[in-house]
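4 protein chains.
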Amino acid sequence: MPNEAQTDFETTASSEKEAQLLRSLYADFESASLTPLWTQREGLMPMRPEPAAVPAVWRWSTLYPLAQRAGELVPVGRGGERRAIALRNPAIPDEPYATPTLWAAIQYLGPWEEAPSHRHTQTAFRFVIEGEGVWTNVEGDAIAMCRGDLLLTPSWHFHEHHNSTGQPMAWIDGLDIPLVKQLDAGFFEFGPDEMSTHATPARSRNEMLWGHPGLTPIGARAETRSTLAAYRWIHTDRALSEQLELELAGHPVTVEPGHAAVRYTDPASGADALRTIRTEFHRLRAGTVTRTSRTVGSSVWQVFDGEGTVTLGDRREVVTRGDLFAVPSWVPFTIEATSSFDAFRFSDEPVYEALGLARTDLQPRT
Amino acid sequence: MPNEAQTDFETTASSEKEAQLLRSLYADFESASLTPLWTQREGLMPMRPEPAAVPAVWRWSTLYPLAQRAGELVPVGRGGERRAIALRNPAIPDEPYATPTLWAAIQYLGPWEEAPSHRHTQTAFRFVIEGEGVWTNVEGDAIAMCRGDLLLTPSWHFHEHHNSTGQPMAWIDGLDIPLVKQLDAGFFEFGPDEMSTHATPARSRNEMLWGHPGLTPIGARAETRSTLAAYRWIHTDRALSEQLELELAGHPVTVEPGHAAVRYTDPASGADALRTIRTEFHRLRAGTVTRTSRTVGSSVWQVFDGEGTVTLGDRREVVTRGDLFAVPSWVPFTIEATSSFDAFRFSDEPVYEALGLARTDLQPRT
Amino acid sequence: MPNEAQTDFETTASSEKEAQLLRSLYADFESASLTPLWTQREGLMPMRPEPAAVPAVWRWSTLYPLAQRAGELVPVGRGGERRAIALRNPAIPDEPYATPTLWAAIQYLGPWEEAPSHRHTQTAFRFVIEGEGVWTNVEGDAIAMCRGDLLLTPSWHFHEHHNSTGQPMAWIDGLDIPLVKQLDAGFFEFGPDEMSTHATPARSRNEMLWGHPGLTPIGARAETRSTLAAYRWIHTDRALSEQLELELAGHPVTVEPGHAAVRYTDPASGADALRTIRTEFHRLRAGTVTRTSRTVGSSVWQVFDGEGTVTLGDRREVVTRGDLFAVPSWVPFTIEATSSFDAFRFSDEPVYEALGLARTDLQPRT
Amino acid sequence: MPNEAQTDFETTASSEKEAQLLRSLYADFESASLTPLWTQREGLMPMRPEPAAVPAVWRWSTLYPLAQRAGELVPVGRGGERRAIALRNPAIPDEPYATPTLWAAIQYLGPWEEAPSHRHTQTAFRFVIEGEGVWTNVEGDAIAMCRGDLLLTPSWHFHEHHNSTGQPMAWIDGLDIPLVKQLDAGFFEFGPDEMSTHATPARSRNEMLWGHPGLTPIGARAETRSTLAAYRWIHTDRALSEQLELELAGHPVTVEPGHAAVRYTDPASGADALRTIRTEFHRLRAGTVTRTSRTVGSSVWQVFDGEGTVTLGDRREVVTRGDLFAVPSWVPFTIEATSSFDAFRFSDEPVYEALGLARTDLQPRT
């Protein structure tokens, strides 16, 4: 459909005759389901990423009470399947997406509630900012969920949740729903109506098999990502503490001074724990300011502990425990840690790396 | 924003009091940039792909004359950069995309015209259905374009075209513009205003280095896909003929009886010639009917020679030389070859394979 | 040089004239540095592996006292470099090799002794059957050695050992010395005469960085195998216990009923911890009899705890704590566990897998 | 067994008492099948490769007449299987090996002769220096052999040869017999006594399927290396000519000035055509002197055309058409091309690359 560029172009037509021929040509394009590139090039192929999404912040102090109210009013069950409330990027029209590729939601399960079994090609994880008492059963393996834990639901794995306590619990779901939707690659299947198990073990089977550092079980095949489905806070916390301890002792093992970080990976391959979503945990010493960086692709962060100021392009925000924020593609991004600062991060970087589209620009320290 | 599902849900509220609480909750969601999953699940996560794109056909007999008219009226040059006319899927709103991931266009270059140098992270190729006389210079390597040839422009390679004859020429461009746009991964850069070369060699440098079957030049590093940038019709034609000849001699080397096919691959790795786009050529004996298949992801075909009937879901179309058609995700697809039938095909399958989302369903012969 | 086959062949010559011509031909072969295949084929290319090595057993009750005596009589230092005593396969002529590809030795370090720094392209590990008090410094990272631990020295890493106690300590060294010698690929370099460190930390740097299950440090690059250099008994023991526990609960996660096993792997890749040597730990319940298997390539086992009977071709031996035995290529091999039976195993299997020569024959249970 | 180093060591014993204790210790080592490292270290782990093999040259003018005489006197048939005469490195004791890992032989087939079917895990190829008329049938695919062609027999493929003319023919066989023998990985199996085919096609099936540059047959699976089994001289010659042509035009595409080279690779992967043997063809302009290099691992060259002088460590030799020479591990090596110089080369480099043991030292030009 003719846009401004075309209008300009018409104006430059040397004569009314030529303008008329052009109008006729564009009309014929339209009726033949054709669109000329020359009226669209800049929008289609910008000089650098111009994401529709904008930097966005969601406050835990807002999110959690709303999830509680939903817990009182909205049942969980077949159909809607989950009491999950999606973080919607204010600039993405019509779709409840945190970024153009990532879905983030707070999910809430009341006392003794259950969320029924289903599976989908969308990749998912849960990250727990507070609370406990829910087990997520992934292909029948009951996995406890506690503060600081990352729990995985790889593509096309049946999963269900059950709260085995009298307390409600909330956590963050991350999925690649927008990506899979754009790619028309989504399949969904309902599981049985009954829970596969009500077990509440402290330690899941996948942890018993794959949760030993550097030890691969010979008898158990690694059939799909990830072999390990639960990453416990005790390990994450220790890994970060030890990185900072080594840094203090003079070893250059951190991402940058005062900034420790781990990536959650599949022990069977060392690759990202999930195929389409990168998951990481970052710890900054109080006073650390990260180098400003721009990355192709988007990410969502959740503050786990402490307080900091994040700069997202032109926007500056103080964030604290539980707050989430989205970083769109190629937006300059910095964190300043007011206190010791712990944060969980997930992103779509594996997609770009797999397609040869990854690019990062790390700006020099000023 | 409340949709029909929600409205139903409200209706089932046990009391006006509860309905009011729900309305208040949804309003608070809205103002907090939140969207409940339970009102959206089916749209977001369908049981199987429900592509917005529809099967579509574009006729060469329509396309080429329109390109000619554009050739007379629209200059090529800085800004619009190319005289390319995109095939727009009738069901994709607002965007000139053949499918949700693929761009296809007819490009037209008049006598002695030149298209100036630029590069972009979008991956591109040209396929020639008829004509000759244009050279595409990829990073300064002049590559002749002739009927049946596939010419590559991998991501972030400078390229320009020059018509060195007094005859116009048209061809098909394929790109991953929609994919890169959705991923906010596009970078674009103008090259010098002058052509890097006006050479018109019959054989390009990349062919001289990499165009020998099974022979890798030791002194030349394979820095990027694809080492080989020109796939000549003489080789494609012979490869297909020899497959059918072997089939006649009793060797099961074809895709299915009467159906020979080759994939264009990078000699340095054996992988798809392009990172995000699969390119193939298919030849069917007269009378061959392919097995009906559904594939996640989309493809675009162009008939090179002969005539056939394609079935795309509920739609049946007779297609002949130069006609193009788009096959959306998971649409059942069959070709019946009326005569000996040659066709070029490109698709987004490498994307799905790289992300673990590939799925194909081959229906049994009836 | 003429062998028996050839002699037979000469006998069959139809005439004395022909025999004379043949003798003359063979003499001319000899003086031209040529050898006819037809007199050698069976020896060069047997129907199946005919290893020179034989099944062999070395008793800890013999080994350890001899190492002690060497500790009293032989100094450690420049030149010989290590007080290591190699297990020599009785059937390999002239060379101190446990198998045609593997070196195994007991190394002994007296109170307060030090073994100086060097590096070599040969890959090495240490496995500790008893004792403690020695630290092995690998590229300056001091790594404690305790019962049940596996410690790695990848190819071309500087390493040295120091005993920081008044007690002697002995352990098993495994290397690919025979393989590297046959391949003429050995390089060796002396390090500084002074220890790089006398530190005695309980936890080494590599463990602090890479010893957390499924957590990859983002700031530390994985430059070489293995990122993790110490595999502690506490983890190995727990992994094996949990496999057997899962088996009892009905999950098929063991190698075979009653037989748990782990492979030591590099957390950065999931591949074997060492490039040319596979390292594993096996645990059998009392009464378990393994299926008889034959594998191309050879292995060496050390009993860590318990007692069993091993069958190696025609040979049957009772083995107990500390005993070592070698399994040559394609020799049928079985273990019967008299008691609960723990054993460390190392083999050359990664070599065969990398070269496309791996083959295993698992015999049906009788 | 005590060697010179040990004797020295004994001499240094501080007393006769100690010397006696040492003698007793060594005797006990011996009877327990043990060998101390400190008497052996330098031999086992040299500072750099000290190959047993020496540089060696075999003259075509000697080889071919001896093969002819063998053709008159020695039948081909079951048992010996092939009339192949191995090039024996003069310094490798007892074994008919060109180098410690590579077997090279001239094979001779008289008029209308046949060599019966067998297969083995050893990898093999044939390279034709002169003559024609023999077809090698690999898994039933009849492949013509002509001057300049490389023909492959990957591991465990049945193969047989038949001379379909009244003229004898000779060629060079290359195999990894020494490597597979040292690794105890050899299996051998006789095929049927009758030829699978007597066909004499100009073009084999593997060429019809895989011999088109950059075109992968979609219907034919790449089951094993190599998909392509015949590399024809016409392609090799042209590839080398075009490299030199590009070099003249100012493009840095050769290995070094005046030195063009191609590696034979598997079109399905771009990797070496054979798993354990690298195969290459080199062309030097008259007057070219290659940079001196040392490489871990060994190679064998055969001059295809022209004349040159090779320097192998201290040895200098003029070599001409048909002459073969062996380059042991880490021996400095240079070629000076007296005339335009064409040579085929094969080596064991893929083995070292797969095991992390590859190392090359390219000396600066003087």
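Chains as they are written, first to last, in the numbering used here: chain R, 5 to 370; chain A, 5 to 370; chain X, 5 to 370; chain V, 5 to 370.
From the three backbone atoms N, C-alpha and C, an ideal C-beta is built for every residue, glycine too.
Query raised in the report: Going along the chain, which residues of its own chain have a beta-carbon closer than 6 Å to the beta-carbon of E311(R), five neighbours each way excluded?
Result: T324, T342, S343
Query - N- and C-terminal bounds of the beta strand (DSSP E) containing F191(R) - result: Per DSSP, F191(R) belongs to no beta strand (DSSP E) and is neither H nor E.
Query raised in the report: Which two residues bound the contiguous beta strand (DSSP E) that contains A264(X)?
Result: 263-268
Query raised in the report: According to DSSP, is D241(R) helix, strand or coil?
Result: helix
Requested in this report: Inspect the beta-carbon positions of H165(X) and E118(X) and report whether they are closer than 9 Å.
Outcome: yes
Report task. Quick one: which residues of the stretch 149-162 of chain V get their C-beta closer than 8 Å to a C-beta of chain X? List them in chain order. Result -> S159
**Report entry** 9 Å Cβ cutoff met for L278(X) and A102(X)
**Finding:** no
Requested in this report: Determine the DSSP secondary structure at R381(X), reduced to helix, strand or coil.
Outcome: Chain X is shown from 5 up to 370; residue 381(X) falls before or after that span and cannot be answered.
Report task. Entirely within the stretch 84-165 of chain R and at least 3 residues each: give me those beta strand (DSSP E) ranges in chain order. Result -> 88-91, 107-113, 118-124, 128-131, 136-142, 145-150, 154-157
**Report entry** Alpha-carbon to alpha-carbon, P158(X) and E85(X)
**Finding:** 18 Å
Query raised in the report: Between the stretch 326-346 of chain X and chain V, which residues of the former have CB atoms less than 9 Å from a CB of the latter, in chain order?
Result: P332, S333, W334
Query raised in the report: Span of the beta strand (DSSP E) holding A283(A)?
Result: The sequence as given places Thr at residue 283(A); Ala does not occur at that position. Its beta strand (DSSP E) spans residues 282-288.
Report task. With DSSP as the reference, label V184(A) as helix, strand or coil. Result -> helix
Query raised in the report: Enumerated in chain order, which unbroken segments of the beta strand (DSSP E) with a length of 3 residues or greater are wholly contained in the stretch 199-233 of chain X?
Result: 219-221
Query raised in the report: Nearest to P221(V) by CA position, among P256(A), A265(A), F191(A), is which residue?
Result: A265(A)
Requested in this report: With a cut-off of 8 Å on the beta carbons, I'd call A146(X) and L179(X) a contact; round off their distance for me.
Outcome: Not confirmed; about 21 Å, so no contact.
**Report entry** Alpha-carbon to alpha-carbon, P336(A) and R369(A)
**Finding:** 13 Å
Query - Alpha carbon of I110(A) to alpha carbon of P271(A), nearest angstrom - result: 28 Å
Query raised in the report: Mind pulling the beta strand (DSSP E) runs of 3 or more residues that sit fully within the stretch 302-359 of chain X?
Result: 303-309, 311-316, 319-324, 328-331, 337-341, 345-351
Query raised in the report: Any Cβ of chain X within less than 9 Å of the Cβ of D373(V)?
Result: As displayed, chain V neither begins before 5 nor continues past 370, which places residue 373(V) out of reach and without an answer.
Query - Beta-carbon neighbours of E34(V), restricted to chain A and to distances below 9 Å - result: None at all; the shortest Cβ gap to chain A is about 51 Å.
Query raised in the report: Using a C-beta to C-beta distance shorter than 7 Å, which residues of chain V count as neighbours of P354(A)?
Result: Residues of chain V passing the Cβ test: none, with the nearest at roughly 13 Å.
**Report entry** Simplified DSSP assignment, three categories, for L278(X)
**Finding:** coil
Query raised in the report: Where does T296(V) fall in DSSP's three states?
Result: coil
Requested in this report: Using a threshold of 9 Å, state whether the C-beta atoms of S351(R) and V314(R) are closer than that.
Outcome: no
Requested in this report: Confirm, please, whether the CB-CB distance from P172(V) to L38(X) is below 9 Å.
Outcome: no
Report task. Please list the partners that S37(X) has in chain V, where partner means a Cβ-to-Cβ separation under 8 Å. Result -> A60, W62, L91, R92, N93, P94
Requested in this report: Determine the extent of the beta strand (DSSP E) in which G291(R) is found, giving its start and end residues.
Outcome: Premise fails: G291(R) is in no beta strand (DSSP E) and is neither H nor E.
Query raised in the report: Using 8 Å as the Cβ pair cut-off and three pairs as the minimum, do the stretch 129-137 of chain V and the stretch 207-225 of chain V touch?
Result: no
Requested in this report: Compare the C-beta of W116(X) with all C-beta atoms of chain V and state if any pair is closer than 9 Å.
Outcome: no
Requested in this report: Quick one: measure Cβ to Cβ for F348(V) and R52(X), integer angstroms, because I've assumed they're closer than 8 Å.
Outcome: That belief does not hold up - the Cβ atoms of F348(V) and R52(X) are roughly 33 Å apart, past 8 Å.
Query raised in the report: Using the beta-carbon of each residue, which ones in chain A are nearer than 8 Å to A109(R)?
Result: L41
Report task. Would you kindly report the start and end of the unbroken beta strand (DSSP E) that includes P40(R)? Result -> 38-40
Requested in this report: Using a threshold of 9 Å, state whether the C-beta atoms of R295(X) and W237(X) are closer than that.
Outcome: no
Requested in this report: Keeping to the same chain, check which residues put their C-beta closer than 7 Å to that of P115(A); ignore five residues upstream and five downstream.
Outcome: N167, T169, G170, Q171, P172
Report task. Answer with buried or exposed for L366(V), where buried requires no fewer than 16 other C-beta atoms within 10 angstroms of its C-beta. Result -> exposed
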